[in-house]
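Protein sequences, first through last, are from chains A and B.
Going by UniProt numbering, the first residue of the first sequence is number 1, and it counts up by one from there.
Going by UniProt numbering, the first residue of the second sequence is number 1, and it counts up by one from there.
Beta carbons are placed, not taken as given, at the ideal position from N, Cα and C, and that holds for glycine.
Bear in mind that the values here come from a model prediction, so they are computed numbers and not experimental data.
This report refers to the structure that appears directly beneath it.
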Amino acid sequence: MDDDWKPPTAEEMKLIEACRARSDQISKLMSSYLLKGYKMLGSQCTICATILLQDRSGVKHCVACEELQCDTEKDNPALRPPGAPSQSIKDEIRASTAASQTNILAASASSSRRRAGTHSSRTNNDPHHLRAAPEEDGATAECLSMSSIDVHCWPATMVDLGGARDAGGDHAKANKTSPRPSTNSDAAGAAPFPTQGLPVAQPLPSTQDIASCVSVLQAKICWASQALEQNKCVDSSTELCKLIKAAAEAIVAVRKAST
Amino acid sequence: MALNPVQIFKMGAEEEKSETARMSSFVGAIAIGDLVKSTLGPKGMDKILTASGTNEAIKVTNDGATILKSIGVDNPAAKVLVDISMVQDDEVGDGTTSVVVFACELLKEAESLVSQKIHPQTVISGWRKAVDAAREALTNAARDNGNDPIKFKEDLLNIARTTLSSKILTQHKEKFSNLAVDAVLRLKGSGNLDAIQLIKKLGGNLSDSYLEEGFLLDKKVGVNQPKRMENAKILIANTPMDTDKIKVFGSRVRVDAVSKVAQLEVAEKEKMKVKVDKILKHGCNVFINRQLIYNYPEQLFSDAGVMAIEHADFDGVERLSLVTGGEIVSTFDCPEKVKLGTCSLIEEVMIGEDKLLKFSGVALGEACTVVLRGATQQILDEAERSLHDALCVLSQTVKETRTVYGGGCSEMLMADAVSKLAAKTPGKEAVAMEAFAKALRQLPTIIADNAGYDSADLIAQLRAAHTSGKHTTGLDMQQGRVGDVAQLGITESYQVKRQVLVSGHEAAEMILRVDNIIKAAPRPRQPDHRHH
């Protein structure tokens, strides 16, 4: 039996030391309370398994839940939050968003082409035309979902957000092909896209297009709120909220454009 | 059907299993250790304990057992630690804080060992070997000066100085250590501390305290009675000398005429006179009663020239009978069978603002009294506790004359022996033994921390010195460096150190063996207010 015991590795030692420091802090707090006249009970706190203290009026008090400084929270086995993802996972996400970005551009270009082709007399000799996604709604949905991963992992700078929003917004614009009051960000957002002239001014959209666009956006909002509910990371939650806001604003803009 | 959970325990009973049970008992016990840690050593601090409720009596104390007695504890592991401290107090008197701190350090080490996935039984068996090694090292390092009275007295003085050095009496260390050693040496090896009486009188300051030969009784003589008596023969009694107290509740006396009431009173007076006559037939000239003596018998006594003292209370009466050699009597029918106490002089003295009776030249030559003066009641109480501790240790040393060096020296010595044994032992037990040595080394670390010095540096120096064989190096807390404790005169009784080692280890082992806590369903009863 002695053979399979190995002395703990450096990481395990660090963990053990951290737990020990935490329980040292707890016992210091407890001893100061004992001196103030609190009574140490035989029962434990239901949340963190620390021994409870009871004061003279009978109120029970758990020192760890109420007073321990938050920087040792990570050593509390009950409450450990998931840590930041490691570098390799971050690289993966970045690679997938880069791929999805080109897909968005392709799909948006193609669908804008298609839309433009349907409603305007502009001809498209766009080589991307052939890469149109099989089904428009699916394409838009897929592209929008790509763009939402985009939103999830990229740093939240306004340009990117503007870009992402305008990817969704431009999508809506492409669908409805209506003149949106073009803001600077639109132009800036549109500029990096290697599409050949995303139409700025377009004829009025059809109601069917608007409805499908709105339904896609609503689906996106539903998806994002579900993801938000399960997410425990602060940054990604913020990004999801921004996505929801962008999609909602897009719906508003679409509806306004249709009237 | 067969897989349904079966309720084994009664309603309200709880069970905690394995990991949570062990961890919860550790944290509770460690909190107790942290409580008293700061009182350890010559630069340790005192604690103020305020009683709750109506009596706002305040205690200022450095003694571990006193502090722990006042803490409210329901947790079973913490109760174990409080108990060993009290046992240490009863057995030896000193080292009550050290034993709790040592047990707590052992448990801290055990906690980290268990989290490294070492089984508690391995830890326990490693510790047992370590304790044996430490005990052997301590026994070998003990010196015995019992045969040389001068050196022995020097030892006793050093021990008294070391014991008092962490208490409030440390400012007048010389005076009080001389006092304590004189008092104990007078006992001539009997070890009966009842013969030493401690009287507290408010007023003056600590340096006004003194040792009085003979016996002081904190009572006054009756009126009109001789205030000074030579060659006294003392009769010590425990009898009611009052007549009109109704002894049987609800008893009634029915008379049919007022004259009969007057007859009753006269009869009672007669009874009292007969009793006093019987007492006087004993031929005593001092009569001491535990209860009160009413005015009529008092008058009869003063007529007979007998000194009568009342309300001597249980403690005083027992001490008196021990010191003067007399028996305590309740009936006075056989004067020839009663042994009277003797004393060469009884007189009234004045201390502070109070008058006391001094019995000099008593039959028990060992008896003496220490009169403590102090500025406040708290100082007096703490001085009494400290002096009592010192007297206990000294009387133990008189019986078991071996001494060891203090100042962290014997702890480092034991840790050194355990480390050497751990280096030779194969397997996981070596890790447990190394942890034991580490816990032993924590004691001088805490002493250095309490004094505010750089403990890491000092302990490293100490460890190096002990490993290279200089086994008389210890901490010098006056200068803040390591020094030779033999020259500094920091000595402790071997009994105290051994008891600290053994009790601390036993308590820690007992808590470590816990793997399941079962709490009985509470039966309705009064809550435990013993400590508050």
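Under the rule that 16 or more other beta-carbon atoms within 10 Å means buried, what is Cys-104(B), buried or exposed?
Counting from one through the second sequence, the residue named residue 104(B) turns up at place 104. Under this definition Cys-104(B) is a buried residue.
Does the separation of the CB atoms of Leu-345(B) and Gly-365(B) fall below 8 Å?
Translated into the one-based positions of the second sequence, residue 345(B) becomes position 345. Translated into the one-based positions of the second sequence, residue 365(B) becomes position 365. Contact flag unset, no.
Would you report the Cα separation of Thr-9(A) and Gln-116(B), rounded to the nearest angstrom?
Taking the first sequence and counting its residues from 1, one reaches residue 9(A) at position 9. Taking the second sequence and counting its residues from 1, one reaches residue 116(B) at position 116. If I take the Cα positions, the gap works out to 10 Å.
Return the CA-CA distance between Gly-162(A) and Ala-247(A), expressed in angstroms with no decimal places.
Residue numbering aside, residue 162(A) sits at position 162 when the first sequence is read from its first letter. Residue numbering aside, residue 247(A) sits at position 247 when the first sequence is read from its first letter. Model confidence at Gly-162(A) stands at a pLDDT of 44, short of 50, so the residue's coordinates are unreliable; what they give is reported in the following sentence. Those two C-alpha atoms are separated by around 12 Å.
In the DSSP assignment, find the alpha helix (DSSP H) that holds residue 533(B) and state where it starts and stops.
Residue 533(B) lies beyond the stretch modelled for chain B, which goes from 1 to 532, so this question has no answer here.
Would you check if the distance between the CB atom of Asp-484(B) and the CB atom of Thr-473(B) is smaller than 8 Å?
Sequence index remark: in the second sequence, residue 484(B) carries index 484 (1-based). Sequence index remark: in the second sequence, residue 473(B) carries index 473 (1-based). Yes.
By the criterion of Cβ-Cβ separation under 7 Å, what are the contact partners of Leu-34(A) in chain B?
As a working mapping, residue 34(A) is identified with position 34 in the first sequence. Within 7 Å Cβ-Cβ: Ala-31, Leu-35 and Ile-71.
So, at 7 Å on beta carbons, what are the nonlocal neighbours of residue 533(B) in its own chain, with the 5 sequence-adjacent residues on each side left out?
Since the displayed chain B opens at 1 and closes at 532, residue 533(B) lies outside it and no answer follows.
According to DSSP, simplified to helix, strand and coil, what is Ile-8(B)?
Your numbering for residue 8(B) matches position 8 in the second sequence. Correct three-state label for Ile-8(B): coil.
Thinking C-beta only, is Gly-191(B) closer than 8 Å to Cys-393(B)?
Residue 393(B) sits at position 393 when you count from the first residue of the second sequence. Residue 191(B) sits at position 191 when you count from the first residue of the second sequence. The sequence as given places Val at residue 393(B); Cys does not occur at that position. For Val-393(B) and Gly-191(B), no; Cβs fall outside 8 Å.
If you run the structure through DSSP and keep just helix, strand and coil, what is Thr-9(A)?
As a first step, residue 9(A) must be located in the first sequence, where it is residue number 9. Coil at Thr-9(A), not helix or strand.
Less than 7 Å between C-beta atoms, sequence neighbours within five positions excluded: which residues of the same chain meet that for Ser-38(B)?
On the second sequence, residue 38(B) is found 38 positions in, with the first residue counted as 1. Only Gly-44, Met-45 and Asn-450 meet the Cβ criterion.
Can you tell me which of Gly-58(A), Cys-222(A), Met-40(A) and Ala-64(A) puts its alpha carbon nearest to the alpha carbon of Ala-21(A)?
Stepping through the first sequence from its first residue, residue 21(A) is reached at position 21. With distances taken between Cα atoms, Ala-21(A) lies closest to Ala-64(A).
List the endpoints of the continuous alpha helix (DSSP H) containing Lys-175(B).
Numbered from 1 along the second sequence, position 175 holds the residue referred to as residue 175(B). Segment 173-186, the alpha helix (DSSP H) holding Lys-175(B).
For a test of the three-state rule: what should DSSP assign to Leu-512(B), helix, strand or coil?
For this step, residue 512(B) is matched to residue 512 along the second sequence. Leu-512(B): helix per DSSP, three-state reduction.
Return the CA-CA distance between Arg-254(B) and Asp-381(B), expressed in angstroms with no decimal places.
Sequence index remark: in the second sequence, residue 254(B) carries index 254 (1-based). Sequence index remark: in the second sequence, residue 381(B) carries index 381 (1-based). If you take the alpha carbons of Arg-254(B) and Asp-381(B), they lie about 52 Å apart.
Within 10 angstroms of the Cβ of Asn-62(B), are there 16 or more other Cβ atoms? Answer buried if so, exposed if not.
The residue labelled residue 62(B) in the question sits at position 62 within the second sequence. Asn-62(B) comes out buried.
Comparing C-alpha positions only, which one of Asn-285(B), Leu-280(B), Glu-509(B) and Gly-64(B) sits nearest to Gln-121(B)?
For the purposes of this step, residue 121(B) is identified with residue 121 of the second sequence, where counting begins at 1. Answer by Cα proximity: Glu-509(B).
Check whether chain B comes within 8 Å of Arg-22(A), counting only Cβ atoms and requiring the distance to be less than that.
Counting from 1 along the first sequence, the entry for residue 22(A) is found at position 22. No, its Cβ sits nowhere closer than 8 Å to a Cβ of chain B.
Measure the C-alpha to C-alpha separation of Asp-515(B) and Lys-420(B) and round it to an integer number of angstroms.
Walking along the second sequence from the start, residue 515(B) turns up at place 515. Walking along the second sequence from the start, residue 420(B) turns up at place 420. The alpha-carbon atoms of Asp-515(B) and Lys-420(B) are separated by roughly 31 Å.
Looking at chain A, which residues of the region 294-326 of chain B have a Cβ within less than 8 Å of any of its Cβ atoms?
The residues in question: there are none.
Would you please verify whether the beta carbon of Lys-519(B) is less than 8 Å from any beta carbon of chain A?
Position 519 of the second sequence, counting from 1, holds the residue named residue 519(B). With 8 Å as the cut-off, Lys-519(B) counts as an interface residue toward chain A.
Give the secondary structure of Asp-194(B) by DSSP, where H, G and I count as helix, E and B as strand, and everything else as coil.
To locate residue 194(B), count along the second sequence from 1; it is residue 194. It is helical.
For Met-412(B) and Pro-444(B), which I take to be in contact (beta-carbon distance under 8 Å), what is that distance rounded to the nearest angstrom?
To locate residue 412(B), count along the second sequence from 1; it is residue 412. To locate residue 444(B), count along the second sequence from 1; it is residue 444. That belief holds up - the Cβ atoms of Met-412(B) and Pro-444(B) are roughly 6 Å apart, short of 8 Å.
So, does the CB of Ala-78(B) fall closer than 8 Å to a CB anywhere in chain A?
Numbered from 1 along the second sequence, position 78 holds the residue referred to as residue 78(B). Yes, contact with chain A.
Can you check whether the CB of Lys-6(A) is closer than 8 Å to the CB of residue 549(B)?
Not covered by the structure: residue 549(B). The range shown for chain B is 1 to 532.
Could you spell out where the alpha helix (DSSP H) holding Asp-333(B) opens and where it closes?
For the purposes of this step, residue 333(B) is taken as the residue at position 333 of the second sequence. No alpha helix (DSSP H) holds Asp-333(B); DSSP gives it neither H nor E.
If we count the other Cβ atoms within 10 Å of its Cβ and call it buried at 16 or more, is Ile-8(B) buried or exposed?
The residue labelled residue 8(B) in the question sits at position 8 within the second sequence. Exposed is the call here.
DSSP beta-bridge partners for Met-40(A)?
Within the first sequence, the letter at position 40 stands for residue 40(A). According to DSSP, which records beta bridges pairwise, Met-40(A) is partnered with Leu-53(A) and Val-73(B).
So which residues on chain A does Gln-116(B) lean against when the C-beta distance must stay under 7 Å?
For the purposes of this step, residue 116(B) is identified with residue 116 of the second sequence, where counting begins at 1. Per Cβ cutoff of 7 Å: Pro-8 and Ile-16.
Interface residues of chain D around Ser-112(B) at Cβ under 9 Å?
In summary, chain D is missing from the structure at hand, where the protein chains are A and B.
I'd like to know if Thr-50(A) contacts chain B, where contact means its C-beta is closer than 8 Å to some C-beta of that chain.
Taking the first sequence and counting its residues from 1, one reaches residue 50(A) at position 50. So, interface residue.
Using DSSP's beta-bridge definition, name the partner residues of Leu-49(B).
Position 49 of the second sequence, counting from 1, holds the residue named residue 49(B). BP columns for Leu-49(B) point to Lys-59(B).
Roughly how many angstroms separate the alpha carbons of Lys-173(B) and Leu-300(B), rounded to a whole number?
Within the second sequence, the letter at position 173 stands for residue 173(B). Within the second sequence, the letter at position 300 stands for residue 300(B). Going from the Cα of Lys-173(B) to the Cα of Leu-300(B) covers about 50 Å.
Consider the C-beta atom of Asp-484(B) and the heavy atoms of the ligand ATP; say whether any pair is separated by less than 7 Å.
As far as ligands go, the structure on display features none, and thus does not contain the ligand ATP.
Taking the CB atoms as reference points, tell me whether Ser-125(B) and Glu-429(B) lie closer together than 8 Å.
Numbered from 1 along the second sequence, position 125 holds the residue referred to as residue 125(B). Numbered from 1 along the second sequence, position 429 holds the residue referred to as residue 429(B). Yes, these two residues count as a Cβ contact at 8 Å.
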